[in-house]
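The sequence shown begins at 1 in the UniProt record's numbering and counts up one residue at a time.
Comments concern the structure below.
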Amino acid sequence: MTIIANILIVLTISVGTIFTIVTMIGILRLPDVYTRAHAASKSATLGVLSILLGVFFHFWLNEGHFSIQLLLGIVFLFITSPIGGHLMGRAAYMSGVKPTELTVGDDLKEAVEEGKKKYRSRLKD
Numbered sequence: 001m002t003i004i005a006n007i008l009i010v011l012t013i014s015v016g017t018i019f020t021i022v023t024m025i026g027i028l029r030l031p032d033v034y035t036r037a038h039a040a041s042k043s044a045t046l047g048v049l050s051i052l053l054g055v056f057f058h059f060w061l062n063e064g065h066f067s068i069q070l071l072l073g074i075v076f077l078f079i080t081s082p083i084g085g086h087l088m089g090r091a092a093y094m095s096g097v098k099p100t101e102l103t104v105g106d107d108l109k110e111a112v113e114e115g116k117k118k119y120r121s122r123l124k125d
């Protein structure tokens with residue numbers, strides 16, 4: 001049982017470390033704020049979640065301590081990190097940060113223009 005537990009712990013922490021390294025490479029190498037925010041929010045979330053899961057397994061399987069705080073931290077991070085990345089990307093878009101030339105389409109442009117028209121019409125009323 002101890003060998004299987006240690007393999008599981010090492011595997012989850014290793015996967016988390018790999019995802020964290022991929023996050024670092026993505027932040028350094030990707031061309032614009034939108035792709036960097038994607039790398040930071042998605043792969044960093046998976047990396048930290050895997051590391052926290054490995055720590056949870058260590059304390060539960062090796063030490064015999066079931067940590068509800070770690071589980072709540074995992075759930076909180078899983079919910080809030082992607083939302084934070086989305087909000088940072090949306091804020092960058094609304095403030096006028098231009099995407100890279102490699103960007104193929106802008107699906108949000110029509111919705112933003114329509115929202116601006118509705119807002120301006122409400123101000124006039």
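Note that the Cβ used here is the ideal one computed from N, Cα and C, for glycine as well.
Remember, it's a predicted structure, so these values are computed and weren't measured experimentally.
May I ask you to report which of helix, strand or coil DSSP gives residue i?
| i | result |
| --- | --- |
| V75 | helix |
| G96 | coil |
| M24 | helix |
| E114 | helix |
| G105 | coil |
So which of the options has the shortest CA-CA distance to residue i?
| i | options | result |
| --- | --- | --- |
| L46 | L30, F57, I18, V55 | I18 |
| R36 | F78, V97, N62 | V97 |
| F56 | T100, V104, V75, K116 | V75 |
| I83 | L102, I3, S41, P31 | S41 |
| V48 | L123, R120, Y93, S81 | S81 |
| I25 | A39, V33, D32, V15 | A39 |
| I9 | T20, L28, S43, F59 | F59 |
| M1 | E101, E63, G115 | E63 |
Contact defined as beta carbons within less than 8 Å: I believe residue i pairs with residue j. What is the distance between those atoms, to the nearest angstrom?
| i | j | result |
| --- | --- | --- |
| I13 | S50 | 7 Å |
| L52 | L70 | 6 Å |
| V22 | S43 | 5 Å |
Any alpha helix (DSSP H) of 4 or more consecutive residues that is wholly inside the region 39-88: 44-57
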